[in-house]
DNA sequence: TTAAACCTTAGACATAACTCTAAGGCAAGT
DNA sequence: ACTTGCCTTAGAGTTATGTCTAAGGTTTAA
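Protein chains in written order, with my numbering: chain A, 1 to 148; chain B, 1001 to 1148.
Here you go:
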């Protein structure tokens, strides 16, 4: 009917330590204790915890997640604030997606170079250019131990 | 012809502190010093630094970036190793993209709920369910101060 | 030649997010 | 009753990534 902290940890893929840490940080005010003082997680608690993970996985800071949870604890009256917070976070996540897509394209470009048949030649060319640039500026050559 | 650390910081969007930190971590072995002992960044150095930022922005740890840079310093002989490292990282980035896309869908779903005309009603329903679940398990109600 | 605005290093401090230890209580099986 | 395996807390320790301070050298321009 309810889950222990260990079961929850296994279910959501966090460590028991992390769950207790989140509780300390005020992220789990909805989890109450049984007679023994043990945390008793309900299904509803698990859903909220999954939301917390969703926000965490998209880079939201614990303080901001706490703000969201505080709104949830405040009940239906806070719907507008929740929407505002989530909209802002959505924008951040979309920006993050674009950043990653751009960087992935860059990685793919480099992988293309390294996978081409003449990769060694291209890389040697780059190296020669870098060395020439150092020389042109009367600088030491950091590629001394570089196997041509 | 060359750039000072301050100019580079402005160009790539890192702080001067961070650049020095990266150097300490062995990420910038290709940057050499001028007569005064100042770091002199060439255009080639900037390109390598941009690659470092690309890897950092996609979540690669500094230690792993250092490994990559070590390969670069080793010259064309390390092309195969660079490819392997970059391929692995590419996989990680793609997985990351999928994670984010999933979580974004979840956020959009919640935003849909909060944006619907009957949002307050739906949320009240959820709350009622959560409270009932606590009661069914003989647990205290953490939503006491919740404005219905 | 001196002031302003750079640069250097070593190392201390900060922050976030865990991660673990110590000491002890609770519950179930033998 | 005792062992095992949970659970609890407070608080110390860790890791990653910066961020800053102190003390001092360099460059440039008035």
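Here a beta-carbon is modelled for each residue, glycine too, at the ideal position from N, C-alpha and C. Quick caveat: nothing in here was measured; it's all calculated off a predicted structure.
The C-alpha of residue 78 of chain A is placed about 9 Å away from the C-alpha of residue 1147 of chain B. Residue 1133 of chain B and residue 14 of chain A have their C-alpha atoms roughly 24 Å apart.
According to DSSP, residue 3 of chain A shares a beta bridge with A/41. A contact is defined here as three or more CB-CB pairs under 8 Å, and the stretch 1026-1040 of chain B fails this definition with respect to the stretch 104-114 of chain A. Here residue 1062 of chain B is near residue 1027 of chain B, since their CB atoms are less than 8 Å apart. Around the C-beta of residue 1103 of chain B, 16 or more other C-beta atoms lie within 10 Å, and the residue is accordingly described as buried. Ranked by Cα distance from residue 29 of chain A, the first of A/42, A/123, A/70 is A/70.
Among the residues facing chain B, residue 90 of chain A is included, as its CB has a counterpart in that chain under 8 Å away. DSSP, read as helix, strand or coil, puts residue 31 of chain A in coil.
Secondary structure note for residue 1089 of chain B: its alpha helix (DSSP H) is the uninterrupted segment 1079-1115.
With at least 16 other beta carbons inside 10 angstroms of its own, residue 143 of chain A counts as buried. Look at residue 1117 of chain B: its C-beta is not under 8 Å from any C-beta on chain A.
Close to residue 1129 of chain B, with beta-carbon spacing below 8 Å, are these residues of chain A in chain order: 44. Ranked by Cα distance from residue 1120 of chain B, the first of A/139, A/80, A/85 is A/80. Nearest to residue 117 of chain A by C-alpha distance, out of B/1095, B/1083, B/1117, B/1127, is B/1083.
Between residue 93 of chain A and chain B, the shortest Cβ-Cβ separation is below 8 Å. Counting along the chain, no alpha helix (DSSP H) covers residue 1058 of chain B, and no H or E run does either. Distances from the CA of residue 41 of chain A to each of A/141, A/20, A/139 were compared; the closest alpha carbon is that of A/20.
Contacts between residue 1008 of chain B and chain A, judged by CB atoms closer than 9 Å, are missing: the closest CB pair is about 15 Å apart. With contacts defined as CB atoms closer than 8 Å, residue 1048 of chain B and residue 1008 of chain B fail to qualify as a contacting pair. For residue 141 of chain A, the CB contacts under 8 Å within the same chain, skipping 5 residues up- and downstream, are 131, 134, 135 in chain order.
Counting of Cβ neighbours within 10 angstroms places residue 58 of chain A among the buried residues, the total reaching 16 or more. At least 8 Å separates the CB of residue 12 of chain A from every CB of chain B. Secondary structure note for residue 1022 of chain B: its alpha helix (DSSP H) is the uninterrupted segment 1016-1024.
Distance from the CA atom of residue 55 of chain A to the CA atom of residue 1024 of chain B, rounded to whole angstroms, is 33 Å.
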